[in-house]
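Colleague:
Residue numbers (our numbering), protein chains in the order written: chain A, 11 to 610; chain B, 102 to 482.
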């Protein structure tokens with residue numbers, strides 16, 4: 011039996027990273043008796059090792075809590091955890107669309123940060139009722155009054171009833187539960203209408219196959235029903251229906267307002283699209299829920315195994331990860347410099363980093379990552395528009411009418427003393443300032459920035475110029491025409507494909523020179539002089555030279571020395587595999603690895 | 102196929118003190134039981150002679166360590182034994198390495214009487230500050246005296262120089278060369294200082310001359326010694342016509358040699374092919390083994406024809422004369438042309454690093470300076 015709508019509350023917790031979201035979630039689960047103390051591991055909702063380590067939730071998870079409120083009634087509270095990073099804005103928006111309200115959590119010692127703001131706006135856009143909560147109130151550095159004022163000024167929320175809690179000690183957590191019941195609206199929905207369920211997230215479970223997290227809007231989702239995905243059109247038989255408490259509990263059906271999971275013999279998560287509407291095949295809904303967008307990768311890079319023998323392993327590992335995360339794309343790519351690998355697309359830089367690290371850590375692969383690139387739109391003279399994911403595929407400039415590049419709207423909150431450095435950084439990256447306001451002693455600056463300037467070490471630079479005090483958030487804005495060129499790197503006249511990059515014409519020479527200079531130090535001297543050049547088409551814009559080797563001869567070679575030398579030769583034969591030939595020049599793969607490393 | 106000639110190398114592992122740059126098998130012992138060592142060396146010599154009976158003895162070389170610390174009676178006994186075991190060629194070259202300190206120069210005559218006819222002196226430099234840095238037990242003045250005495254005592258002699266010391270300029274080295282040219286009689290060995298693992302210099306992270314300075318000094322040395330009539334016949338060895346060290350020349354050409362003494366190394370070709378033979382390094386353990394079973398071999402390894410070919414190329418290309426293709430065929434049964442990477446060969450010839458003709462292959466002066474890389478191009482396909 012589904013729960014009566016008036017006794018359901020669906021909510022998310024939105025916060026900046028590290029402001030205590032996961033700790034509060036744990037505390038709520040504990041207080042509602044979801045887990046015994048023994049079962050309670052720290053931050054149960056962040057299950058993946060990497061998520062826990064970075065304090066970032068990647069997959070949305072949910073937990074149903076049973077709460078006996080002050081009015082004596084028992085409520086079903088569904089806590090929807092949301093992915094906590096800018097790359098997953100769309101996924102966050104779908105999670106929020108499954109709820110009626112949010113807890114906006116702000117660290118009382120730190121105040122409003124860029125993600126507080128971004129997530130608060132997402133919640134406001136989702137028509138959420140918002141309960142402001144100040145966390146870490148137990149700390150001496152907490153300044154609840156000042157932070158409340160900040161929330162009021164910056165986010166525009168009424169803070170008269172803001173709660174002051176410490177998720178860590180449990181102080182005031184009961185007031186959060188009570189506020190959810192009294193402040194948040196109950197969901198609405200019609201149990202008799204055609205089924206409309208929002209596909210919030212999906213993941214691969216090694217026992218149950220693909221699991222789908224759903225929020226029922228109208229109708230009832232029953233075990234055994236034949237469902238249809240409205241965007242993809244695919245149909246499936248529902249095998250299991252249940253909810254998380256936080257352990258999975260099977261039920262026979264989920265009714266309006268409820269959040270839970272289903273399994274339906276779906277083979278891969280690629281067959282389930284976040285934001286899709288699930289309906290019943292025999293009585294489909296007239297129209298899908300609003301807001302569906304297929305997920306589109308925005309950042310691309312090449313991933314190559316350091317050891318060419320690991321190519322098949324890399325393919326298998328990518329396929330395994332893809333089972334659980336259909337939002338990244340991969341296709342085989344062949345590079346003269348790096349051998350066989352994959353061109354991969356991601357939702358953003360963090361997403362890229364997470365996949366890369368999981369491949370290295372969980373699958374024990376050594377990877378070379380080429381410089382991240384964004385998706386350019388190439389308008390050819392013939393009038394076609396091509397999406398360009400890889401600088402290598404850029405058509406000859408004579409065939410190009412113009413190129414468009416993606417821009418973002420970035421929000422940066424930074425203490426006043428570092429503002430100058432942040433503005434300089436943004437200006438250097440071709441940014442256009444759209445707004446500058448103050449949040450107490452901190453500046454909140456908004457910039458329009460080309461995404462290709464952000465994917466190359468922008469976060470690191472921002473962190474370093476602000477000593478880690480700047481917070482950053484962005485959303486994709488629009489494509490705009492840009493004076494973009496492809497810079498190729500040549501070694502003795504031979505193209506090193508993996509080092510090609512697309513850059514704004516005004517930065518081409520500086521970036522080209524930087525990479526030439528770096529390679530000069532990375533390429534070992536050889537018998538012949540080596541010219542390293544950066545070129546736009548046939549036009550050389552920067553060059554450096556590795557002078558020829560002058561002396562490399564063993565001074566003494568008597569008796570047993572020769573056997574030792576022969577062993578060195580054997581070693582060189584093995585090392586030969588890691589050398590890449592460019593004309594008459596041999597370059598160790600490690601040189602590319604280094605060249606790519608620091609260049610982002 | 103067994104070669105007819107054979108060379109003999111005898112290793113004396115002891116030194117008065119260990120030089121900070123030396124990674125050779127040398128040891129400083131409080132006292133050496135000369136009788137035991139004499140018996141041990143003679144026993145091992147007999148063991149290998151038995152295996153190579155009937156071969157013609159082309160040279161003897163006493164190396165170390167510091168073989169001039171050996172008692173001349175030991176030297177004499179070993180030379181006598183060798184001459185009995187094998188057929189010595191006419192004018193058998195017998196070289197002894199020696200240090201220029203007075204204690205040793207006093208025995209030059211005794212070594213000559215023992216049969217030594219060529220002396221190789223570890224001079225290293227004519228500047229006292231360099232000698233001190235290199236941990237040598239002699240002064241520049243002693244070095245010059247020792248050379249004069251060697252010239253008066255032995256029909257042939259050579260001495261070593263080291264260059265590329267920290268802070269040394271090409272001019273500084275030029276002064277050492279000037280001095281050397283005044284004293285040399287037909288043979289000089291000139292080595293660039295390299296910092297080898299396991300040495301005191303390596304532990305102290307001493308930084309020797311960089312590649313450019315090393316190259317500059319090397320080129321200057323080539324030029325001046327060529328003008329002086331002692332061109333390089335090997336990477337670090339210079340001699341007037343006919344004054345080459347025959348012993349080393351034969352080894353670099355791929356000839357057979359027997360190695361006697363701790364850490365000595367030998368190459369002996371039998372009917373089954375060539376064996377690479379390594380003696381036990383540690384002096385006391387070597388001696389104990391010899392006393393127990395007449396030899397102190399630690400490892401004996403049959404070289405495959407490929408390995409043999411590689412070794413001959415690696416040592417033969419150190420020589421100015423290069424590798425002769427007929428000799429190469431005779432030693433390995435393989436064709437020289439088949440052993441070289443065609444792409445590498447073409448690149449090396451085109452680049453002016455190597456000459457290849459119907460005699461064989463040899464490096465140019467430029468090629469010799471980068472021999473390791475040339476070899477890599479030819480052998481690492």
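Where is the CB? At the ideal position from N, CA and C, for every residue including glycine.
Reducing DSSP to helix, strand and coil, say where residue 389 of chain A ends up.
Modeller: Mapped onto the first chain, residue 389 of chain A falls at position 379. It is a strand residue.
Colleague: Give the straight-line distance between the Cα atoms of residue 179 of chain A and residue 26 of chain A, rounded to the nearest whole angstrom.
Modeller: Working through the first chain from its first residue, we reach residue 179 of chain A at position 169. Working through the first chain from its first residue, we reach residue 26 of chain A at position 16. Distance between the alpha carbons of residue 179 of chain A and residue 26 of chain A: 20 Å.
Colleague: So, does the CB of residue 565 of chain A fall closer than 8 Å to a CB anywhere in chain B?
Modeller: Indexing the first chain from 1 puts residue 565 of chain A at position 555. It does: the Cβ of residue 565 of chain A has a partner Cβ on chain B nearer than 8 Å.
Colleague: Between which two residues does the alpha helix (DSSP H) carrying residue 223 of chain B extend?
Modeller: As a working note, residue 223 of chain B is residue 122 in the second chain. That residue, residue 223 of chain B, is in no alpha helix (DSSP H); its beta strand (DSSP E) goes 219-225.
Colleague: Buried or exposed, going by whether 16 or more other CB atoms sit within 10 Å of the CB of residue 144 of chain A?
Modeller: In the first chain, counting from the first residue as 1, residue 144 of chain A sits at position 134. The residue is buried, with at least 16 neighbouring Cβ atoms inside 10 Å.
Colleague: Would you identify the three-state DSSP class for residue 456 of chain B, choosing helix, strand or coil?
Modeller: One-based indexing of the second chain puts residue 456 of chain B at position 355. Strand, per DSSP.
Colleague: Would you mind working out which of B/267, B/284 and B/291 sits nearest residue 309 of chain B, comparing C-alpha positions?
Modeller: Locating residue 309 of chain B in the second chain gives position 208, counting from the first residue. It is B/267.
Colleague: Using only CA atoms, which one of B/293, B/182, B/207 and B/231 lies nearest to residue 150 of chain B?
Modeller: On the second chain, residue 150 of chain B is found 49 positions in, with the first residue counted as 1. Checked all of B/293, B/182, B/207 and B/231; the closest Cα to residue 150 of chain B is B/182.
Colleague: At least one CB of chain B closer than 8 Å to the CB of residue 160 of chain A: is that the case?
Modeller: Stepping through the first chain from its first residue, residue 160 of chain A is reached at position 150. No, its Cβ sits nowhere closer than 8 Å to a Cβ of chain B.
Colleague: May I ask you to report which of helix, strand or coil DSSP gives residue 86 of chain A?
Modeller: Locating residue 86 of chain A in the first chain gives position 76, where the first residue counts as 1. Reduced to three states, the DSSP call for residue 86 of chain A is strand.
Colleague: What does residue 407 of chain B reach in chain A if we use C-beta pairs closer than 8 Å?
Modeller: The sequence position of residue 407 of chain B within the second chain is 306, counting from 1. Near residue 407 of chain B there are no residues of chain A at all, since even the closest Cβ is about 10 Å away, more than 8 Å.
Colleague: What does the Cβ neighbour count give for residue 407 of chain A, buried or exposed, with the cut at 16 atoms within 10 Å?
Modeller: In the first chain, residue 407 of chain A corresponds to position 397, counting from 1. Residue 407 of chain A is exposed by the Cβ-count criterion.
Colleague: Tell me whether residue 345 of chain B is buried or exposed, calling it buried when 16 or more other Cβ atoms sit within 10 Å of its Cβ.
Modeller: Against the second chain, residue 345 of chain B aligns to sequence position 244. With 16 or more other Cβ atoms within 10 Å, it is buried.
Colleague: With three or more C-beta pairs closer than 8 Å as the rule, is the segment 311-331 of chain A touching the segment 369-376 of chain A?
Modeller: Touching, yes, given that three or more Cβ pairs across the two stretches are closer than 8 Å.
Colleague: To be precise: take each residue of the segment 350-361 of chain B, compare its Cβ to all Cβ atoms of chain A, and keep it if any distance is under 9 Å. Which residues remain?
Modeller: So the list reads 352, 353, 358 and 360, given in the order they occur along the chain.
Colleague: Nearest by alpha-carbon distance to residue 78 of chain A: which of A/142, A/16 and A/191 is it?
Modeller: Counting from 1 along the first chain, the entry for residue 78 of chain A is found at position 68. It is A/191 whose Cα lies nearest to the Cα of residue 78 of chain A.
Colleague: Is the beta carbon of residue 410 of chain A sitting closer than 8 Å to the one on residue 388 of chain A?
Modeller: By 1-based counting over the first chain, the position of residue 410 of chain A is 400. By 1-based counting over the first chain, the position of residue 388 of chain A is 378. Yes, the pair counts as a contact, with Cβ atoms nearer than the cut-off.
Colleague: How long is the line joining the alpha carbons of residue 157 of chain A and residue 480 of chain A, rounded to whole angstroms?
Modeller: On the first chain, residue 157 of chain A is found 147 positions in, with the first residue counted as 1. On the first chain, residue 480 of chain A is found 470 positions in, with the first residue counted as 1. Their Cα atoms are separated by approximately 17 Å.
Colleague: Compare the C-beta of residue 452 of chain B against all C-beta atoms of chain A and say whether one is closer than 8 Å.
Modeller: Translated into positions along the second chain, residue 452 of chain B becomes position 351. Residue 452 of chain B counts as touching chain A.
Colleague: Tell me whether residue 349 of chain B is buried or exposed, calling it buried when 16 or more other Cβ atoms sit within 10 Å of its Cβ.
Modeller: Counting from one through the second chain, the residue named residue 349 of chain B turns up at place 248. Buried is the call here.
Colleague: Anything in chain B within Cβ reach of residue 537 of chain A, meaning under 7 Å, just list it in chain order.
Modeller: Here residue 537 of chain A is taken as the residue at index 527 of the first chain, counted from 1. Simply 452, 454, 471 and 474.
Colleague: Please confirm whether residue 274 of chain A and residue 237 of chain A have their CB atoms less than 8 Å apart.
Modeller: As a working mapping, residue 274 of chain A is identified with position 264 in the first chain. As a working mapping, residue 237 of chain A is identified with position 227 in the first chain. Yes. Within cutoff.
Colleague: Let me know the secondary structure DSSP gives residue 494 of chain B once reduced to three states.
Modeller: Any answer about residue 494 of chain B is impossible in this case: the structure gives chain B only from 102 up to 482.
Colleague: Just to check my reading of the structure: residue 362 of chain A and residue 308 of chain A have Cβ atoms closer than 8 Å, yes? What is that Cβ distance to the nearest angstrom?
Modeller: Stepping through the first chain from its first residue, residue 362 of chain A is reached at position 352. Stepping through the first chain from its first residue, residue 308 of chain A is reached at position 298. That pair is no contact at about 10 Å.
Colleague: What does residue 600 of chain A reach in chain B if we use C-beta pairs closer than 7 Å?
Modeller: The count along the first chain starts at 1 and reaches residue 600 of chain A at position 590. The contacting residues do not exist; residue 600 of chain A stays about 17 Å from chain B at best.
Colleague: Quick one: complete alpha helix (DSSP H) runs, 4+ long, within the segment 550-600 of chain A?
Modeller: Fully enclosed alpha helix (DSSP H) runs of 4 or longer: 571-585.
Colleague: On the premise that residue 506 of chain A lies in contact with residue 475 of chain A, defined as a C-beta separation below 8 Å, what is that separation, rounded to the nearest angstrom?
Modeller: By 1-based counting over the first chain, the position of residue 475 of chain A is 465. By 1-based counting over the first chain, the position of residue 506 of chain A is 496. Not a contact, Cβ separation roughly 31 Å.
Colleague: Near residue 203 of chain A, which residues of its chain fall below 6 Å by C-beta distance, leaving aside the five closest residues on each side in sequence?
Modeller: For the purposes of this step, residue 203 of chain A is taken as the residue at position 193 of the first chain. Closer than 6 Å at Cβ, skipping near neighbours: 228 and 229.
Colleague: What would DSSP say about residue 352 of chain B, mapped onto helix, strand or coil?
Modeller: Indexing the second chain from 1 puts residue 352 of chain B at position 251. Helix at residue 352 of chain B.
Colleague: Taking the alpha-carbon of residue 257 of chain B as reference, which of B/376, B/340 and B/467 has the nearest alpha-carbon?
Modeller: To locate residue 257 of chain B, count along the second chain from 1; it is residue 156. Residue B/340 is the option with its Cα nearest to residue 257 of chain B.
Colleague: Which of the residues in the segment 560-594 of chain A, read from start to end, lie with their CB under 8 Å from any CB of chain B?
Modeller: Listed in sequence order: 560, 561, 562, 563, 564, 565, 566, 567, 568, 569, 570, 572, 573, 575, 576, 579, 582, 583, 586 and 594.
Colleague: Is residue 419 of chain B close to chain A? Criterion is C-beta to C-beta, closer than 8 Å.
Modeller: Locating residue 419 of chain B in the second chain gives position 318, where the first residue counts as 1. Taking Cβ atoms only, chain A reaches closer than 8 Å to residue 419 of chain B, which makes this a yes.
Colleague: At the level of alpha carbons, what is the spacing between residue 535 of chain A and residue 438 of chain B?
Modeller: In the first chain, the residue the question calls residue 535 of chain A occupies position 525. In the second chain, the residue the question calls residue 438 of chain B occupies position 337. If I take the Cα positions, the gap works out to 28 Å.
Colleague: So for residue 321 of chain B, helix, strand or coil by DSSP?
Modeller: Locating residue 321 of chain B in the second chain gives position 220, where the first residue counts as 1. Residue state, collapsed to three classes: helix.
Colleague: Would you tell me roughly how many angstroms separate the C-alpha atoms of residue 265 of chain A and residue 336 of chain A, rounded to the nearest one?
Modeller: Here the question's residue 265 of chain A lines up with position 255 in the first chain. Here the question's residue 336 of chain A lines up with position 326 in the first chain. If you take the alpha carbons of residue 265 of chain A and residue 336 of chain A, they lie about 28 Å apart.
Colleague: Spatial neighbours of residue 491 of chain A within its chain, please: CB distance less than 6 Å, with the 5 preceding and 5 following residues excluded, ordered by chain position.
Modeller: Position 481 of the first chain, counting from 1, holds the residue named residue 491 of chain A. So the qualifying residues of the chain are 412 and 414.
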